[in-house]
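In my numbering, the protein residues as written are 270 to 751.
Backbone N, C-alpha and C fix where the C-beta goes; we use that ideal spot for every residue, glycine too.
Here is the structure we will look at, set down as structure tokens.
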Amino acid sequence: MTAKRSSKPGIPDITQKLEVCSKLLGAYTDKELADLVLDRPGQKQLAAKATDSLRKWRAGTVPKNSSGPAQFWDALPDKLGCDATVNGVLLINANITRFIEYLPAERRARARELLTDSVVPNAWPNRAERTFDHSGVGRPTPRIELAYPGPLVTLEEGIRSGAVDQRHHYLDPDSAASWARLVRGEGYPIYDQCKAGLESLLMCESWKQIMTTDPPRSVVMLAGGGAPTKDLLLLRHFLRQPRLQGSIRYSLVDISLYMIRESAIWLEEHLPTLDDYQRAEIVCVHHDILRMSRNDCSLLRGDGRAVFGLTGLTLGNHSEADFFTSLNRVSQPGDLLFLSAETFDESPSEVVAKRSVDKYNHPDLRRFMRPAVTTVLGEFATRRRSLKQESIFSGMSRIKADLRPNSEARFSDIPNSWTVAVTLNVDDQEIALATSTRYRPSQLVTFASNFGWMLLDQVASPLDRNYGQFLFQKESLERDGI
Numbered sequence: 270m271t272a273k274r275s276s277k278p279g280i281p282d283i284t285q286k287l288e289v290c291s292k293l294l295g296a297y298t299d300k301e302l303a304d305l306v307l308d309r310p311g312q313k314q315l316a317a318k319a320t321d322s323l324r325k326w327r328a329g330t331v332p333k334n335s336s337g338p339a340q341f342w343d344a345l346p347d348k349l350g351c352d353a354t355v356n357g358v359l360l361i362n363a364n365i366t367r368f369i370e371y372l373p374a375e376r377r378a379r380a381r382e383l384l385t386d387s388v389v390p391n392a393w394p395n396r397a398e399r400t401f402d403h404s405g406v407g408r409p410t411p412r413i414e415l416a417y418p419g420p421l422v423t424l425e426e427g428i429r430s431g432a433v434d435q436r437h438h439y440l441d442p443d444s445a446a447s448w449a450r451l452v453r454g455e456g457y458p459i460y461d462q463c464k465a466g467l468e469s470l471l472m473c474e475s476w477k478q479i480m481t482t483d484p485p486r487s488v489v490m491l492a493g494g495g496a497p498t499k500d501l502l503l504l505r506h507f508l509r510q511p512r513l514q515g516s517i518r519y520s521l522v523d524i525s526l527y528m529i530r531e532s533a534i535w536l537e538e539h540l541p542t543l544d545d546y547q548r549a550e551i552v553c554v555h556h557d558i559l560r561m562s563r564n565d566c567s568l569l570r571g572d573g574r575a576v577f578g579l580t581g582l583t584l585g586n587h588s589e590a591d592f593f594t595s596l597n598r599v600s601q602p603g604d605l606l607f608l609s610a611e612t613f614d615e616s617p618s619e620v621v622a623k624r625s626v627d628k629y630n631h632p633d634l635r636r637f638m639r640p641a642v643t644t645v646l647g648e649f650a651t652r653r654r655s656l657k658q659e660s661i662f663s664g665m666s667r668i669k670a671d672l673r674p675n676s677e678a679r680f681s682d683i684p685n686s687w688t689v690a691v692t693l694n695v696d697d698q699e700i701a702l703a704t705s706t707r708y709r710p711s712q713l714v715t716f717a718s719n720f721g722w723m724l725l726d727q728v729a730s731p732l733d734r735n736y737g738q739f740l741f742q743k744e745s746l747e748r749d750g751i
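Right under this line is the structure:
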């Protein structure tokens with residue numbers, strides 16, 4: 270299949286088309302969209318090529334080889350439920366208005382609504398008037414609970430100490446949209462790596478044994494906003510377990526109301542695609558995962574055993590001791606923990622070091638940090654008592670990322686770790702805008718055991734062998750570190 274070129278270079282309205290397709294089909298990244306459309310046996314490699322092609326098509330190229338990634342467009346009409354007369358060439362050449370007209374009648378209104386919602390490119394619906402009322406429709410309604418204990422250290426205080434509290438990046442109203450752009454970008458593969466690793470962990474023998482003997486009835490995803498397809502993966506897995514009857518409690522805990530709301534809207538729409546989805550009780554909790562207390566137990570978890578999740582390299586953004594101390598206040602012996610971390614065996618090789626740094630050294634990440642950078646530049650202008658402030662574009666262009674041993678950087682509580690530091694130098698003072706720590710597996714496991722969490726299993730992500738998923742079980746209360 271060869272697409273006819275339009276009057277403008279590339280595929281007409283390609284970004285809007287792919288955005289509508291992603292939302293209708295329940296994909297959060299390009300990889301997920303390609304995997305959903307090209308899901309027949311033997312198409313795994315073709316889907317990987319299509320993932321790369323989606324980015325190229327956005328940049329202005331067109332499908333040329335009918336036996337290659339262009340098959341994505343041949344398969345798309347069927348996945349969208351289009352009439353048999355609609356083919357891939359029609360979808361490629363159509364503008365967004367005509368593209369929506371090719372959709373089945375029951376999807377056109379939703380597609381137009383999604384397009385209207387998309388004021389910010391690649392953002393999920395974010396209209397102020399959006400509600401969760403589906404009376405009579407039978408859809409689940411995620412419940413949002415407010416448990417946030419109070420303000421963080423201010424940005425100004427962080428600047429004085431030389432490090433911005435990274436949680437501030439998620440408190441800006443545009444954070445959910447910026448995060449969506451970031452995880453879908455070519456330069457930030459962590460989301461897909463994490464999800465692939467999580468799928469592998471759910472297949473390991475240790476986990477299978479747990480699910481056949483004493484499965485947890487509660488799932489608590491910590492800092493879980495903005496990862497809805499991971500949520501759907503876990504919910505699908507738990508709902509299929511024969512030993513789990515009755516309701517399953519699924520809690521999303523995040524300091525960002527914007528990220529929680531994004532996930533709630535997404536899950537409200539796509540949860541009905543799961544069998545037996547009515548058994549899922551979804552609770553979204555606005556809370557700081559580093560400041561949980563024993564009083565939060567009834568809010569976060571149901572009765573019986575629970576599994577907590579901290580995925581997406583979030584552990585490396587914070588004090589590991591603060592995290593485990595907080596976790597132990599809401600966990601019990603026998604509880605489980607999914608933990609993601611980027612790892613290395615000894616000192617990271619030059620290739621591994623470059624790959625780690627490259628994940629944080631691209632425009633989408635700078636855009637995500639823009640609100641904090643604006644505050645940093647304004648604070649330094651105030652110090653100078655100057656009415657002239659460095660432009661945000663100049664400041665963002667000077668952001669740097671490098672990998673530092675913890676013996677020098679002191680960003681981590683775990684010995685022999687290495688940290689990617691994203692920094693901005695202003696008036697000869699270095700300000701850490703973000704940090705992300707990498708660990709030796711043995712050191713991470715030892716550190717967790719000091720808080721009573723013992724390793725049950727460990728797997729590597731199929732997409733990056735240095736991206737590890739760990740399964741821990743809480744053994745005792747003696748080493749709470751509280």
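Per DSSP, residue 578 is not a residue of any alpha helix (DSSP H); the beta strand (DSSP E) it occupies stretches across 575–579.
When DSSP reads this structure, residue 300 sits in no beta bridge, so it has no partner. When the five nearest sequence neighbours on each side are left out, the beta carbons in the same chain lying within less than 7 angstroms of the beta carbon of residue 641 are those of 424, 433, 437, 438, 702, in order along the chain. Residue burial annotation: residue 472 is exposed, with fewer than 16 other C-beta atoms found within 10 angstroms of its C-beta. Inclusion of residue 680 and residue 704 in the CB contact set at 7 angstroms is warranted, their separation being smaller than that value. The three-state reading of DSSP puts residue 353 in coil, since its state is none of H, G, I, E or B. The three-state secondary structure of residue 736, taken from DSSP, is strand.
Residue state for residue 669 is assigned as strand, using DSSP reduced to three classes.
In terms of Cα proximity to residue 376, the closest of 485, 440, 349 is 349. DSSP places residue 528 inside the alpha helix (DSSP H), whose first and last residues are 526–539. Between the alpha carbons of residue 567 and residue 710 lies a distance of about 33 angstroms. DSSP places residue 478 in no beta strand (DSSP E) but in the uninterrupted alpha helix (DSSP H) bounded by 474–482. CA-CA distance, residue 484 to residue 460, rounds to 26 angstroms. By the 16-neighbour rule on beta-carbons within 10 angstroms, residue 477 is exposed.
When DSSP reads this structure, residue 609 sits in a beta bridge with 738. Residue 722 and residue 609 have their C-alpha atoms some 14 angstroms from each other. Distance check between residue 518 and each of 538, 573, 531, 558 places 573 closest, using alpha-carbon atoms only. Per DSSP, the continuous beta strand (DSSP E) segment holding residue 519 begins and ends at 517–523. Residue 508 and residue 410 have their C-alpha atoms spaced approximately 17 angstroms apart.
DSSP places residue 704 in the uninterrupted beta strand (DSSP E) bounded by 698–707. In the structure shown, residue 744 falls within a coil segment according to DSSP collapsed to helix, strand and coil. Between the C-alpha atoms of residue 313 and residue 307 there is a straight-line separation of about 7 angstroms. The beta carbon of residue 548 sits closer than 8 angstroms to those of 508, 515, 516, 517, all from its chain and outside the five residues before and after it, given in chain order. One thing to note: residue 447 has its Cβ no nearer than 7 angstroms to the Cβ of residue 527.
The continuous beta strand (DSSP E) containing residue 730 extends over residues 722–730. Contact annotation: residue 668 and residue 693 have beta-carbon atoms nearer than 7 angstroms. Rounded to whole angstroms, the gap between the alpha carbons of residue 344 and residue 550 is 34 angstroms.
Put simply, of 657, 280, 592 the residue whose alpha carbon is nearest the alpha carbon of residue 363 is 280. By the CB criterion at 7 angstroms, residue 498 and residue 297 fall inside the cutoff. Cβ-Cβ distances below 6 angstroms link residue 292 to 383 in the same chain, with the five nearest sequence neighbours on each side left out; the list follows chain order. Within a 10 Å sphere around the beta-carbon of residue 510 sit fewer than 16 other beta-carbons, which makes this residue exposed.
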